[in-house]
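Accompanying notes for the structure given below.
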Amino acid sequence: MQYLSQSSTAGVLLDLSGAVILLLAFACLASKLFNRYVAYYGAQSVVLAFAAGTSAVAFHSTELWVLAALTLAIKGIAIPVAARRVLVARLALKRDAAMSTGLSTSLVAGGALTAFAYLVTRPALLPHGSAAAAVVPLSTAVILLGALAMVVRRHTVAQLIGWLIVENGVFLGAITLVATFPFIVEAGIFLDIVAGVLIMIVFVSGLTRQLAQASAAELRELRG
Amino acid sequence: MMALAILTALTPLAGLAAALAGARARVIGTAQAAGAAAALGCAIALLVTLSRRPPLEGLAGFLYADALSGFFLLTVTSVTLLAALGSIPYIGAQEDSGELSRFQVRLYFSFFSLFATLMLASLETGNLGLLFVLIEASTLASAALVGLEGRARSLEAAWKYIIISSLGVTIALAGTLFVFYSASALHPASNLALPWPYLLAHAHALAPQSLRLGFLLAVVGYGTKVGLAPMHTWLPDAHAEAPSPASAMLSAALLNTGMYAIIRFLAIANARLGGTYPRAVLLSFGFASIVIGALFMVRKGNFKRLFAYSSVEHMGIIAVALGFGGILGLYGALLQVLNHALAKTVLFLSSGDVSLRYRTREAAGVTGLLSAAPVIGGALLLATFAVLGSPPFGVFLSELTIVRAGFARGSPVFPLLLLALLGVAFFAFARTITAMVTGRPPVSAGRAPEPVLVGQLAMPDGQAAAVASTAAAPAGSPTAVAGPAEALASPYRDRTATVMAAVPLVLGLVALLVLGLWIPAGLDTVLRQSAAVIG
C-alpha cells in the first residue's frame, strides 16, 4: 500500500482540507439561513475538489484528476447554483425555523459526535503516521455532523443539504483511505447524486406547493 | 450464459419502451408483464445453468453470478411478474376513473421497469461499489413510484423514504470503503477494484478491525433499505402511500435486494471474523425488528401499514435466521425470502383491489369482503394465513426450519422468544384481517367518494354533482347516499379486467402452496449451494 505519510506536503494539505471541511460542516450546523446552508455546502465541495486534486498529485492518478474536476463542477458549482435558483429563490426561503433543538444544543451535540468519531476510528484501525489516520476521523465526523443536521432540522431543503454533507464526508474518506473505485463506479456515484438531487427538488417543490394550498384552504375555512 | 444474465436484467425494460411510445395503461402493462415473464424465464434458465457450473464471472468482475444471485434473481423476477400482472387492472382502473392522468400512468410504468431492472442488475454484480450505485439508483426509481399520486401525504412519504434510504445507503458506502480498506494488504495498487469473489477467497488476509467496522456500517446502511429496526421508519409510510403493485415491489423485491447486499458482506465477515461477531449483530437487529413489527401490528388502522409492519417483522426473522447460521439457518433464511416475497405480493395486490372497491385504506372501513368479492376476500384470507406461517403454505416450512436451526445452536432462549413473537404477530394480524373479510359489506353506493361528508361539509361542485347523480335524493341530506345493502360496485371496466385482477393472486397462492408441500429437487440444490456460499 502506498501510504501517504502525514508529514509529506500532500499529507499536510489533505489534513488541512479535512479540517476546513469539518469547520464548514459546523458552520452549516450553526447557521439559520437557507442561503448560508447552500453557500457553506458549495465552499465545502470546492475544498473537497482541492483535496482530491492533492490526492491526484500524490498518487499520480488521472482518474483522481477527473474526479476532482467533476467534484468542482457538480458539487461545487452546479448543485449550489441549482439549489439557490430553484429552491431558495423560487420558494422564497429565508430563515429556517423548523428545528427540533436549539442551535447551541446541536453544536454541543456536534462537538460530542466529533469526539466520538476520533474515538471510533483512531485506535489501531489505521496505520500510524499515515495521512489517512489524520483525515479519516475528520471525514467520519463530517458524516456524523451531516446526519445530525438531517435529524435536528425538519425543513426538507435543510435535510437535503445534510445528506449532501454526509456524501462529502464519505468522499473525503474515500480519497485518502484508498486509491479510487474503478471509474464506472465513481461516475455512477456522481450520477446517483445528481439524479437524487433532481428527484428531491421535484418532491420539495411539490410538497411546498401542497402545503401552500393547504394553508390557503385553511385560511378560507376560517373566514367569517 | 453471460447473455442470459444480461437479458434477465434488461427484459423488464419492455415496460419503459411501451411507456415512452405513449400507449395506454393496459397496453403498457401487458408489455411490462411480457418483459417480466421473459425475465423470469431467463432467470430460471440461468439458475439451472448456475447450479451445474462454476459461477459466472465477466466484464472485469463487474458481472458476477453464483447460485445465491440466481436464487435472488428468481425471487425478484417472480415478484416483478406478479406485480406487473397486478398493475394492468389496478392502474387501468385508476386511469379509467381519472385518478391518474395518462402522464402519471406512463411515469408509473417507466419507473416500475427501471426499478425492476436496477434491482436485477444489482443482484448480478460482483463489485461492491457498483452494488452501492445500483441500489441507490433503485431507491431513486422507487421513490418516484411512492410519490406518484402527488398528494401531500404521498409526497411526504416519498420524501421520508428517499432521504432516509439515501442516508442509509451512503453509510453503507462508508462501510464498503472500510471493507476495501481492510484488504489493502492484499492488493496495494487498486484495492477498490477488487471483486467480491476475490475478497471472499482471500478473506484470511483482511484486517479484522477495519472489516468489523465495515460490516457493521454495511448492516446499518443496507439494513435501512431492508427495514431492520430501528432504521425502518420510512417503511410503513412508503408502503402505505405507493400504488399497491408498487408496494408489492417494495416489500417483496426491494427489501430482499437489500438483504442480498447484507448477505454478501456477511459471507466475507463469516469467513474472516468467525461466527460470533456477525451473529451478534444480526440477532440484535433481527429481534429488534421482530419486536417492533409485532407490536405495531397490534394497532388497528391502515391495512397497508399492517402489511408493511409485517414486512419489518419478516425481515427480522430472516436476519435472525442468518444469525442462527449453520446450513439449517441459512437454508431457512433463503426459503423464507422466497416464501415471504410471494405471500406479501399476494397481500399487497389484493389490498389494492380492496382499496379500489371500498375507497379507503383503513381496516375499520372494510367489512364483509368475502360476500362482496369472494375471490379477492378468499385470496386475502389465504395469503394472511400463509404469511403468518400456517400450514400447508411455504412460510410454515421455512419458519419451522429457522426455529429448528435456533434449537440446534444450543441455547433455547432465542428460538422460544422467536416463537412467542410469532404468536403475537399471528394474533394481531389475523384479528384485523378476519374483521375485514367477515360480516356484511358497508351500506353505501361504493363509488361515491367520501359519502359520509355530504351532510356535514360543503363539497366542491364536481363531487356534489357526482353524488347527486348517483343518488336521486337532494345533496345535503345525510341519508342521500345510504342505499340498500348491496354488493359494492366492481372497480373494473369489464369482466376481463376482473379476471385479470385475480390471476396474479391465484398464481402466487398456488406457488406458496406448492412450496409448502414440496420443494423441487432443483430448488433444494440451489438453496444448499447458496447456503454454502454464505458459509
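If you read the protein sequences in the order shown, they are chains C and U. Going left to right, the first sequence walks through residues 1 to 224 as my numbering numbers them. Going left to right, the second sequence walks through residues 225 to 759 as my numbering numbers them. Idealized CB from N, CA, C, for every residue including glycine. Remember, predicted model here, so these are calculated numbers, not experimental data.
Member of the options whose CA lies at the smallest distance from the CA of residue i
{"i": "U:L580", "options": "U:Y716, U:V251, U:A431 and U:R523", "result": "U:Y716"}
{"i": "C:A147", "options": "C:G188, C:G110 and C:S7", "result": "C:G110"}
{"i": "U:P665", "options": "U:L729, U:L736, U:A532 and U:A597", "result": "U:A597"}
{"i": "U:L344", "options": "U:A659, U:G399 and U:I230", "result": "U:I230"}
{"i": "U:F439", "options": "U:A429, U:L401 and U:S468", "result": "U:L401"}
{"i": "U:A721", "options": "U:E319, U:G350 and U:A427", "result": "U:E319"}
{"i": "U:R326", "options": "U:L562, U:A247, U:I626 and U:N563", "result": "U:A247"}
{"i": "U:S648", "options": "U:P615, U:I514 and U:L418", "result": "As written in the sequence, residue 648 of chain U is Val, which differs from the Ser given in the question. Selected option, being the one with the closest Cα: U:I514."}
{"i": "U:I657", "options": "U:L530, U:V544, U:V627 and U:S714", "result": "U:L530"}
{"i": "C:L138", "options": "C:S5, C:I184 and C:L16", "result": "C:L16"}
{"i": "U:R503", "options": "U:A429, U:A368, U:R633 and U:H538", "result": "U:R633"}
{"i": "C:F59", "options": "C:I189, C:L207, C:A195 and C:I175", "result": "C:I175"}
{"i": "U:L747", "options": "U:P421, U:T299 and U:Y288", "result": "U:T299"}
{"i": "C:V57", "options": "C:N168, C:A158 and C:L14", "result": "C:L14"}
{"i": "U:L640", "options": "U:I541, U:F339 and U:L287", "result": "U:I541"}
{"i": "C:V66", "options": "C:L207, C:M150, C:A187 and C:V194", "result": "C:A187"}
{"i": "C:G169", "options": "C:A30, C:F203, C:T71 and C:A10", "result": "C:T71"}
{"i": "U:G601", "options": "U:P616, U:F617, U:Y582 and U:S614", "result": "U:Y582"}
{"i": "U:A491", "options": "U:V522, U:L478, U:R523 and U:G547", "result": "U:G547"}
{"i": "C:M99", "options": "C:R153, C:R84 and C:L64", "result": "C:R153"}
{"i": "C:L29", "options": "C:I143, C:A92 and C:S61", "result": "C:I143"}
Three-state secondary structure (DSSP) of residue i
{"i": "U:S275", "result": "helix"}
{"i": "U:S614", "result": "coil"}
{"i": "U:Q753", "result": "helix"}
{"i": "U:L372", "result": "coil"}
{"i": "U:T457", "result": "coil"}
{"i": "U:N351", "result": "coil"}
{"i": "U:V705", "result": "Residue confidence for U:V705 is low, a pLDDT of 41 falling below 50, so the modelled location carries little weight; the figure read from the coordinates is stated next. Note: U:V705 maps to coil in three-state DSSP."}
{"i": "C:L225", "result": "Given a span of 1 to 224 for chain C in the structure shown, any question on residue 225 of chain C remains unanswerable."}
{"i": "C:S130", "result": "strand"}
{"i": "U:G169", "result": "Absent from the structure is residue 169 of chain U, since the part of chain U shown begins at 225 and ends at 759."}
{"i": "C:R95", "result": "strand"}
{"i": "U:A713", "result": "coil"}
{"i": "U:R436", "result": "helix"}
{"i": "U:R664", "result": "coil"}
{"i": "U:R250", "result": "helix"}
{"i": "U:I743", "result": "coil"}
{"i": "U:P761", "result": "Residue numbering for chain U in the displayed model covers 225 to 759; residue 761 of chain U lies beyond these limits and cannot be assessed."}
{"i": "U:Q687", "result": "Residue confidence is low: U:Q687 scores 42 on pLDDT, short of 50, so the model does not pin down where it sits. Its coordinate-derived value is still stated next. DSSP places U:Q687 in helix when its eight states are reduced to three."}
{"i": "U:E323", "result": "coil"}
{"i": "U:A431", "result": "coil"}
{"i": "U:A263", "result": "helix"}
{"i": "C:L4", "result": "coil"}
{"i": "U:R655", "result": "helix"}
{"i": "U:A476", "result": "helix"}
{"i": "C:M200", "result": "helix"}
{"i": "U:H538", "result": "helix"}
{"i": "U:G392", "result": "helix"}
{"i": "U:M225", "result": "coil"}
{"i": "U:L418", "result": "coil"}
{"i": "U:G222", "result": "The structure shown has nothing for residue 222 of chain U, since chain U only spans 225 to 759."}
{"i": "U:T591", "result": "coil"}
{"i": "C:R122", "result": "coil"}
{"i": "C:E167", "result": "helix"}
{"i": "U:S508", "result": "helix"}
{"i": "U:A466", "result": "coil"}
{"i": "U:R581", "result": "helix"}
Below-9 Å beta-carbon distance, residue i vs any chain B residue
{"i": "U:T481", "result": "Going by chain labels, chain B is absent from the structure shown, which instead holds the protein chains C and U."}
Strand pairing of residue i, partner residues [DSSP]
{"i": "U:N526", "result": "U:E586"}
{"i": "U:Y484", "result": "For U:Y484, which the question treats as bridged, DSSP gives no partner whatsoever."}
{"i": "C:R85", "result": "DSSP, once it has assigned bridges, lists no residue as partnering C:R85."}
{"i": "U:G282", "result": "U:L287"}
{"i": "C:R153", "result": "C:M99"}
*Do the stretch 321 to 339 of chain U and the stretch 237 to 246 of chain U meet, that is, are 3 or more Cβ pairs less than 8 Å apart?*
Between the stretch 321 to 339 of chain U and the stretch 237 to 246 of chain U there are three or more C-beta pairs closer than 8 Å, enough to call the two in contact.
_At least 3 beta-carbon pairs within less than 8 Å: the stretch 183 to 202 of chain C vs the stretch 42 to 56 of chain C_ = no
*Any alpha helix (DSSP H) of 4 or more consecutive residues that is wholly inside the stretch 6 to 53 of chain C*: Within the stretch 6 to 53 of chain C, the complete alpha helix (DSSP H) runs of at least 4 residues are 9 to 30.
_Three-pair Cβ contact test at 8 Å for the stretch 251 to 262 of chain U versus the stretch 304 to 313 of chain U_ = yes
*Would you call the stretch 456 to 474 of chain U and the stretch 565 to 580 of chain U in contact, with 3 or more CB pairs under 8 Å?*
yes
*Per the contact definition of three or more C-beta pairs closer than 8 Å, is the stretch 446 to 466 of chain U in contact with the stretch 515 to 528 of chain U?*
Yes, they touch.
*the stretch 371 to 381 of chain U in contact with the stretch 161 to 177 of chain C per 3-pair CB rule at 8 Å*: no
_Contact the stretch 551 to 560 of chain U vs the stretch 618 to 627 of chain U: 3+ CB pairs below 8 Å_ = yes
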